[in-house]
Structure formats: C-alpha cells, structure tokens
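Student:
There are 2 protein chains.
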Amino acid sequence: MSTYVNKVDRKGRVSVPATFRTALADQNFDGIVAFPSLDYDALEATGIDTMEAISAGLNALEQPAEQQGLATLILARSLRLPFDPEGRIVLPEKLAAHAHITESAAFVGLGSTFQIWEPDRFAAHEAALLERTRREGMRMPSLGSLASRPRS
Amino acid sequence: MSTYVNKVDRKGRVSVPATFRTALADQNFDGIVAFPSLDYDALEATGIDTMEAISAGLNALEQPAEQQGLATLILARSLRLPFDPEGRIVLPEKLAAHAHITESAAFVGLGSTFQIWEPDRFAAHEAALLERTRREGMRMPSLGSLASRPRS
DNA sequence: CGAATTTCCATTGACACCCATAAAATCCCA
DNA sequence: TGGGATTTTATGGGTGTCAATGGAAATTCG
Numbered sequence: 101m102s103t104y105v106n107k108v109d110r111k112g113r114v115s116v117p118a119t120f121r122t123a124l125a126d127q128n129f130d131g132i133v134a135f136p137s138l139d140y141d142a143l144e145a146t147g148i149d150t151m152e153a154i155s156a157g158l159n160a161l162e163q164p165a166e167q168q169g170l171a172t173l174i175l176a177r178s179l180r181l182p183f184d185p186e187g188r189i190v191l192p193e194k195l196a197a198h199a200h201i202t203e204s205a206a207f208v209g210l211g212s213t214f215q216i217w218e219p220d221r222f223a224a225h226e227a228a229l230l231e232r233t234r235r236e237g238m239r240m241p242s243l244g245s246l247a248s249r250p251r252s
Numbered sequence: 101m102s103t104y105v106n107k108v109d110r111k112g113r114v115s116v117p118a119t120f121r122t123a124l125a126d127q128n129f130d131g132i133v134a135f136p137s138l139d140y141d142a143l144e145a146t147g148i149d150t151m152e153a154i155s156a157g158l159n160a161l162e163q164p165a166e167q168q169g170l171a172t173l174i175l176a177r178s179l180r181l182p183f184d185p186e187g188r189i190v191l192p193e194k195l196a197a198h199a200h201i202t203e204s205a206a207f208v209g210l211g212s213t214f215q216i217w218e219p220d221r222f223a224a225h226e227a228a229l230l231e232r233t234r235r236e237g238m239r240m241p242s243l244g245s246l247a248s249r250p251r252s
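Line order of the protein sequences matches chains G and E. Here the working numbering is used: the first residue of the first sequence is 101, the next is one more, and so on. Here the working numbering is used: the first residue of the second sequence is 101, the next is one more, and so on.
1) Residues of chain G with CB closer than 8 Å to the CB of R180 of chain E, please, in chain order.
2) In three-state DSSP terms, what is F183 of chain G?
3) On the three-state DSSP scale, how would you describe H198 of chain E?
4) The alpha helix (DSSP H) spanning Q167 of chain E covers which residue range?
5) If you drop the 5 nearest sequence neighbours on each side, which residues of the same chain put their C-beta closer than 7 Å to that of P136 of chain G?
6) Ignoring anything shorter than 3 residues, give me the beta strand (DSSP E) runs that lie fully in the region 107 to 140 of chain G, in order along the chain.
7) Who are the neighbours of G147 of chain E on chain G, taking C-beta pairs under 7 Å?
8) Does DSSP put R239 of chain E in a helix, in a strand, or in coil?
9) Quick check: the region 158 to 169 of chain G against the region 214 to 226 of chain G, are at least 3 beta-carbon pairs closer than 8 Å?
10) Quick check: the Cα distance between L229 of chain E and A206 of chain E, rounded to an integer number of angstroms?
11) Beta-carbon within less than 7 Å of P192 of chain G's beta-carbon, same chain only, minus the 5 sequence neighbours each way: which residues are those?
12) Since V116 of chain G meets chain E, which of its residues come closer than 8 Å, beta carbon to beta carbon?
13) So is L143 of chain E in contact with chain G if we call contact Cβ pairs under 8 Å?
14) Looking at the ligand SAH, does it come within less than 7 Å of V105 of chain E, judged from the CB to the closest heavy atom?
15) Would you please verify whether the beta carbon of A176 of chain E is less than 8 Å from any beta carbon of chain G?
16) Within this structure, are the beta carbons of V105 of chain E and R188 of chain E separated by less than 8 Å?
17) Comparing the C-beta of G169 of chain E with each C-beta of chain G, is any distance below 8 Å?
18) Who are the neighbours of V133 of chain G on chain E, taking C-beta pairs under 9 Å?
19) Can you confirm whether V208 of chain G, when its beta carbon is compared against all beta carbons of chain E, has any partner nearer than 8 Å?
20) Using only the alpha-carbon positions, how far apart do S204 of chain E and V108 of chain E sit?
21) From which residue to which residue does the beta strand (DSSP E) around G209 of chain G run?
22) Within the continuous beta strand (DSSP E) that includes E144 of chain E, where are the two ends?
23) Are the beta-carbon atoms of S155 of chain E and G211 of chain G separated by less than 8 Å?
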C-alpha cells in the first residue's frame, strides 16, 4: 500500500521502503524479485514466495496453456534483487531501462505486490487512471464493493 | 457515526476520536488507512481490514477492469497511519494538503468508514447537502427505508 | 591486477515513544 | 440524585531511534 519515492544513487542503489521490507521479512530470500511489467513502463515486484507459488503453478498439469505461457514469461524475466545491509537493492541496467528510471524510483504498494516506476511516469499514469475513473462516472462506492465478492 | 473536531498540533498530529479508535481496536494494524477522496477535498479513512479486502479484490481475476483501476488508484494513494501511544496519527503533508487541513480536522463517521475534513469545508459541504435535499423536496422518510434491503 | 560489486561507517532528518498537563466524561456513594 | 472522586481524552513538548542517503574501504571475480 501507498507510494514512496526514493533516490537512486550513482551506483544504482535504492532503498526499498522500510514498510515493504518488513512485509517481506519472514520470507526465504532476503530481497525482492522484480520483472518488467507487461502492461507498463514499470517493474512488478514481490517477495520470493509469490514467485515460488507461480513456479509451482507452472508445474501443475491442470493449468490452462495460456496461463503457463504467462508464468514462463514472468519467471524467465524475473531477477532476484538481494537487500544490502541497509535494505537497499541495486537496480540492474536492464530493469532500470525498461522503466526509464534514472535518479529516483517510486515504490507503489498494491497489497501483496508492488510496482516500481519512474516518478513522473507514475504521476502521469495515476492522472490517467483518475481521469478514466471520473469519465466512467465511477463514484466513491462503499469501499466494500471493491472487495472480492464471494460467489452466491 | 457523528463528527468530532480535533486540533492538529505543530508536528501534524491529531487525535483520532476515541470512539473511532475502539471501533478499529480488533484489527491487524493499530492505526488507520487514509487516502484522498476522489469526490471531495477530504480524506477517506478506514481500518486496514477494508484495504486488505480491496487488495484481495485486485488480485481476483473476475474483477472487471475498471474496478481494478479504481482499486489500484486507491491502494497506491493510501497511507497507513499508525496510532501513537496516545491514539494520535500524523497527517502527512500530502494528505493534509488535499483536504486543506491546517490547524484542525473534522472526523466524520459514516459507519464502517469515516472522512476527515477541514472543519469549515465540511460545514459548507453539509450545508450544500442539506440545501440539495430540500430543493429536491425530500422529506424524512421512515428511517428504515434508508437501510440496505436484502436482495430478493 | 583492475573493475565492479558489496560491506562498512557516518550524517541528517524524520518519526515514534515517553512524560506531563488540562479538560471532559464517567463512576460512585452518601 | 447531586457532586466529588476517578478515569479517560485530548493536547503539548522533549528526546531517542531508525530510515534514507552518500561515500570510503574491502572483497570478489574475471
């Protein structure tokens, strides 16, 4: 949840917001896993647990073919980014380039995952979302309506 | 339910009305979650539980795309505001600015959620609501008719 | 042995906790 | 049931701690 903007230093290091770090603290790998978003010029990221779940799903035979393709794609392009003692990661050139990140990065928490954006691009994305939401005449609903609804 | 006006001190702290606090007491996070309202110059707030439900909804595949956009928007702009030992939160600059809150804040209970307004703006909002209701010739119905009706 | 990467230290500034006081609501008992 | 006693709130301020950031030292690897 929420978004934090942190600086990328000359060596390509960024602090992962402490909130996110503690959320991942109990996982098997002390760091994050990131891969280029398929939808945006941004990075998708999570803890290793989510990735292991995906990889487990890949092995499951019942999985539809499209889902398998998607999972393969994601796994193949994912990078493990370990924390340094201060809780920073280094953004590999490839990932930074995909998201056009140079001097600072916006960490956008989405619940169990988060995204990493170049701050200006994220602002634009946010504005677009807001605009679209307005245009579609969506009002602030009772928040509950956004929750996943149990099928009746 | 009901509205309370509390002061914002020099450090940006405000007491969350005790009533609201006790209502959230049994949740996983000792504090509130707030985000800028899409409709007003005010903040929307709830307990963490509601947000977790939204985040769960975001991951649910069955969710329509527009709802996903809305959920993303809300999650990205939400901030976790923990209680200090006295039951206060600090209003981050960003949120305070959106609601034009400077020296005091009105907490408006709405049932499972509440809003936070700059008191004068809330008074105006309230007056406008009243005015509109009158103009539309609405009378106080039996309160029961306002309750949510079970789907037939 | 040189380049890159990772650990180690140091600084600053924000934030969380501690305590202290005043006002208000609640309790309690004669 | 009135009013004093007690317990909660709300509010202010000081201060220690941790997160974010930068740079140097050290280690790794080709």
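All C-beta atoms in this analysis are idealised placements derived from N, C-alpha and C, irrespective of residue type, glycine included. Note that this is a predicted model, so its numbers are computed, not measured.
Tutor: In terms of the structure at hand:
1) The residue given as residue 180 of chain E occupies position 80 in the second sequence. The contacting residues are M101, S102, T119.
2) Stepping through the first sequence from its first residue, residue 183 of chain G is reached at position 83. If DSSP states are grouped into helix, strand and coil, F183 of chain G belongs with coil.
3) As a position in the second sequence, residue 198 of chain E is number 98, starting the count at 1. Looking at H198 of chain E - three-state DSSP - the assignment turns out to be helix.
4) In the second sequence, counting from the first residue as 1, residue 167 of chain E sits at position 67. Note, Q167 of chain E: alpha helix (DSSP H), 165 to 177.
5) If you number the first sequence from 1, residue 136 of chain G lands on position 36. Hits under 7 Å: L143, R177, L195, H198.
6) 113 to 115, 131 to 136
7) As a first step, residue 147 of chain E must be located in the second sequence, where it is residue number 47. The premise fails here: G147 of chain E is roughly 11 Å from chain G at the closest Cβ pair, so nothing lies under 7 Å.
8) Numbered from 1 along the second sequence, position 139 holds the residue referred to as residue 239 of chain E. If DSSP states are grouped into helix, strand and coil, R239 of chain E belongs with coil.
9) no
10) Taking the second sequence and counting its residues from 1, the one referred to as residue 229 of chain E is at position 129. Taking the second sequence and counting its residues from 1, the one referred to as residue 206 of chain E is at position 106. Each residue's alpha carbon lies about 17 Å from the other.
11) Numbered from its first residue, the first sequence carries residue 192 of chain G at position 92. Excluding residues within five positions, the ones whose Cβ falls inside 7 Å are L179.
12) On the first sequence, residue 116 of chain G is found 16 positions in, with the first residue counted as 1. The contacting residues do not exist; V116 of chain G stays about 16 Å from chain E at best.
13) Within the second sequence, residue 143 of chain E is the residue found at index 43, counting from 1. Not closer than 8 Å to any Cβ of chain G, the Cβ of L143 of chain E fails to qualify, so no.
14) Among the components of this structure there are no ligands whatsoever, and the ligand SAH is therefore not found.
15) In the second sequence, the residue the question calls residue 176 of chain E occupies position 76. Answer yes: the Cβ-Cβ gap between A176 of chain E and chain G drops below 8 Å somewhere.
16) Residue mapping note: residue 105 of chain E aligns to position 5 of the second sequence, counting from 1. Residue mapping note: residue 188 of chain E aligns to position 88 of the second sequence, counting from 1. Not a contact, by the Cβ cut-off of 8 Å.
17) As a first step, residue 169 of chain E is located in the second sequence; it is residue number 69 there, counting from the start. With 8 Å as the cut-off, G169 of chain E counts as an interface residue toward chain G.
18) For this step, residue 133 of chain G is matched to residue 33 along the first sequence. Ordered by position in chain E, no residue passes the 9 Å Cβ test against V133 of chain G, which lies about 17 Å from the chain.
19) Reading the first sequence from its first residue, position 108 is the one you call residue 208 of chain G. Interface residue, yes.
20) Against the second sequence, residue 204 of chain E aligns to sequence position 104. Against the second sequence, residue 108 of chain E aligns to sequence position 8. Between S204 of chain E and V108 of chain E, the C-alpha separation is close to 5 Å.
21) Mapped onto the first sequence, residue 209 of chain G falls at position 109. Start and end: 204 to 209.
22) Locating residue 144 of chain E in the second sequence gives position 44, where the first residue counts as 1. 143 to 146 is the extent of the beta strand (DSSP E) around E144 of chain E.
23) Start at 1 with the first residue of the second sequence, and residue 155 of chain E comes out as number 55. Start at 1 with the first residue of the first sequence, and residue 211 of chain G comes out as number 111. Result yes, Cβ atoms of S155 of chain E and G211 of chain G sit closer than 8 Å.
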